[in-house]
Structure formats: structure tokens, C-alpha cells
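Novice:
Residue numbers (our numbering): 482 to 910.
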């Protein structure tokens, strides 16, 4: 039985999620210490929006509450309570992981960054020795699902963050950013994100200005941009085709008169101004100037809302892919039920073969004995092959597979004790 337990943006606020956020070293240590004791196989996905433990318990007596207790011992904060944890098992757990990898369960629908985070969690599990046969199939299947959803749907298309939406708007107004001069006003997180997105879209001529000169220099060094002193930027405003402003100022830092003068010097060549600040950095009267395109947070948010609506429409297509891949996983997983019977059947045939070889040992010279040994093994393998293929054939439900297994047990007179012994010996596989 596969379990998924943890906290995420559905079950807990950010302050609680922060309590349970785990570093790579903490995850690796937790997996190493508890593999073989608490679970046979496991992996942990820990991001800003979720910390989720996926586990195949070490034995049947271990359940979801035991897994939750183990995580809570790792983070014994009083604020972290049982009601903050979700609990899913088997089909629900597998489906949830596929939804996470496909970015259907993300706080920002279609945020494909989660796919790399799921991949990283699987790599941590491999390194810790907690990802075996089952979890290799489980996580590789989930990653395949995420890639399919990314390539076969539009659930990740369209900007849904302020900075990225602003840059997407710039690419619609100016098809080629390579030749455009860009001025970033401010050096905070929003400004930095917008600058990075512009660089990713091909903009090369970036300048940074900020009231605190040292902060402008630090961001400019990181982005290989030019620095413009804050008191001087109005004098060179005409040089820029795109202006992105996101400061903490309480009144506009770019005035109507500044832009009017700059447009005269630009000879009315188009100017795009993106105001990402609250309160606004750019005087809204600038919209009245010819060839100036001013977009503030409200207009950019409307673009985000449209993109989110388009992503919502892709959910049914994404869920169809998820369902298909979850079914594929369980078609494979159900065949594991046949492993003890297959092992016992092979062992029974081998016992018969070995006994007959012993009976004829004295009638064969050493060279002939080796040849007959090899021949009888090959015959056994060929006789067993159709039965092995038949019993391992994918089953759509466990009852169908159980009936098939029971038929083989009855035909070859395999006792329940033998099957149980084989189950025990194979429990760690």
C-alpha cells in the first residue's frame, strides 16, 4: 500500500508550511534513517508550497498516522497540528503525485517549476537508497506525466506572474527586444524579476537606476547591465524604448513633464512604460501622450486573469493524461502480486529437474553431465515462459489477477505455506 501524507497550500497557511520545510540534507537523513524501519521505499517533495512524504511502509501495521508522527518528530512545532496534514493512500496517493508533477495541483496552475522539484526529490531518494523498484516506476511515471501535460496541453502557456506578464506584454508590442533599450527603475525583487525575464526574451541593452546607488550597482553587476544615477535618469529617458518601474516610493517618480520632454526628444518614437508599483510610480496622465503605451498593475492583472482562464480550460485534457498514466502504473503494479507465485513455480520445476539429474548422475560422464544440465535448464525455461508471460499480463483490477494466480497455484499444486514463505523472502524487493 502506497501512502502520501504531508502539508500543502490546500491544508495549511504559509506560516505552517514553513514549519515543515525540509532541506536536502534533512530529507536525505530522514530517508536513510527510516528506510527498512518505517518504510521500504520513500521520497519527500519539499517546496515553498508543500512538504509531502510518499512511502511504501515497511510492514502492514504501519499506516499514515505513523508516517505523520515521524515527520512531526522532525519538526515538533506546536503550531503544526494533525489537522494540517492530508492523508492519501494507494490510488489516491499515486494520482496526487501525478497531479503534482503535472502542475495541476500547484498553487499557480501550470507552474512547471514543480516538475524539476519532483525530479529532484526522486534523485534525493535514489542517493539515500530509499527508491527501489516500485518508486522508480512511480516517479518515472509521474515525471513522464508532467512532460506529457507540458507538451500536449497549454496548461503552462501564458504569463501568470506580474513580472512575466509585463515582459510578455513588451514582446507583443515590440516583436524584437534585441534592439530595444530598457530602463529598470528600482532594484527590488519585482524589478529584478522583470529584468531577468527581459533578458530571457532577448533584451540585451539594460540599464538600472535606483535611489540607493549601491543597490543599483549590485543588480547591474549581476545582470551585466549599465548603471544610471537616479538623479540623472530623466535627462536620458529619451534613450529608452521600454521603462519598467517598481520602487517603494509614495508618489510618482516618473512625471508627466519628464515623459513629455523625453517624447519630444524621441520624435514620438513608441515608448512602452510598465508601472509595477503600488502606489503607482508613473503619473497616469502620461497615457494622454501620443505614442506612449502605459500599463499599470490593473491592466497587467487583466492579462494574468485571461491567461489563468485559458489554463483552467486545459485541466480536463491534463486530467485525462493523468488518469491514463495512473492506470498504466497500476497495470504494472498489480503484476507484483504474481511475483511470489512465479518464484515458487520456478523453484518447484527446478527441484524436479535437479532430482532427475541426480538420479542419472552415475549414468553420465562429466562432459555429458554439463551438457544435459544446460539442456534441462533451457527446457524448463521454455516450458515455464508461456505461464510466466500469462500470469504477469497486465490486469485492470486486482481480482482478475488474483483469479489468474489462484489458477496457476491450483494447476501446479503450490501450497499456501510455500507462497507465504516466498512472500516473506521477497518482501524487500
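All C-beta atoms in this analysis are idealised placements derived from N, C-alpha and C, irrespective of residue type, glycine included.
Which two residues bound the contiguous alpha helix (DSSP H) that contains residue 675?
Specialist: 670-681
Novice: Could you round the C-beta distance between residue 533 and residue 487 to whole angstroms and report it? I think they count as a contact, below 8 Å.
Specialist: 3 Å
Novice: Examine the Cβ distances between the segment 553-561 and the segment 591-599 and report whether three or more of them are shorter than 8 Å.
Specialist: Contact fails: fewer than three Cβ-Cβ distances are below 8 Å.
Novice: Within this structure, are the beta carbons of residue 647 and residue 675 separated by less than 8 Å?
Specialist: yes
Novice: Please state whether the Cβ-Cβ distance between residue 719 and residue 743 is less than 8 Å.
Specialist: yes
Novice: Which residues in the same chain as residue 732 place their Cβ atom closer than 8 Å to its Cβ, once the five residues preceding and following it in sequence are excluded?
Specialist: Within the same chain, Cβ atoms closer than 8 Å to the Cβ of residue 732 are found at 760, the five residues on either side in sequence being excluded.
Novice: Taking 8 Å as the threshold, find out whether the segment 705-723 comes into contact with the segment 638-647 through three or more Cβ pairs.
Specialist: no
Novice: Where does the unbroken beta strand (DSSP E) through residue 556 begin, and where does it stop?
Specialist: Counting along the chain, residue 556 falls outside any beta strand (DSSP E), and DSSP gives it neither H nor E.
Novice: Excluding the five sequence neighbours on either side, which residues of its own chain have a C-beta within less than 8 Å of the C-beta of residue 803, listed in chain order?
Specialist: 576, 579, 580, 583, 585, 626 and 630
Novice: Enumerate, from N- to C-terminal direction, the unbroken alpha helix (DSSP H) stretches of 4 or more residues contained entirely within the segment 836-882.
Specialist: 847-873
Novice: Determine the DSSP secondary structure at residue 522, reduced to helix, strand or coil.
Specialist: strand
Novice: Helix, strand or coil for residue 567 per DSSP?
Specialist: strand
Novice: Can you look up residue 884 in the DSSP assignment and give me helix, strand or coil?
Specialist: helix
Novice: When you compare the segment 815-827 with the segment 884-895, are there three or more beta-carbon pairs, one atom per stretch, that lie closer than 8 Å?
Specialist: yes
Novice: The alpha helix (DSSP H) that contains residue 579, what's its start and end?
Specialist: Start and end: 572-582.
Novice: Please state whether the Cβ-Cβ distance between residue 519 and residue 561 is less than 8 Å.
Specialist: no
Novice: Just the C-alpha distance for residue 846 and residue 863, rounded to the nearest angstrom, thanks.
Specialist: 26 Å
Novice: Considering only residues of the same chain and omitting the five flanking positions on each side of residue 494, which have a CB-CB separation below 6 Å?
Specialist: none
Novice: Just to confirm before moving on: does the CB-CB distance between residue 857 and residue 838 stay below 8 Å?
Specialist: yes
Novice: Out of 536, 590 and 512, which has the shortest C-alpha to C-alpha gap to residue 799?
Specialist: Selected option, being the one with the closest Cα: 590.
Novice: Apart from the five residues just before and just after residue 691, which ones in its own chain have a Cβ nearer than 7 Å to its Cβ?
Specialist: 667, 668, 697 and 711
Novice: When the Cα of residue 782 is compared with those of 636, 645 and 499, which residue comes out closest?
Specialist: 645
Novice: For the alpha helix (DSSP H) containing residue 779, list its first residue and its last residue.
Specialist: For residue 779, the enclosing alpha helix (DSSP H) starts and ends at 778-794.
Novice: What are the boundary residues of the beta strand (DSSP E) that includes residue 664?
Specialist: 662-666
Novice: Closest to residue 853 by CA distance: which of 867, 834, 620 and 871 is it?
Specialist: 834
Novice: Mapping the DSSP letters down to three states, classify residue 909 as helix, strand or coil.
Specialist: Here the model assigns residue 909 a pLDDT of 43, short of 50, so the residue's position is not dependable, and the following value carries that caveat. Coil.
Novice: Only counting runs of 4 or more residues, tell me where the alpha helix (DSSP H) segments fall wholly within the segment 692-770, in order along the chain.
Specialist: 694-704 and 737-747
Novice: DSSP beta-bridge partners for residue 797?
Specialist: The partner list for residue 797 (beta bridge, DSSP) is empty, contrary to what the question assumes.
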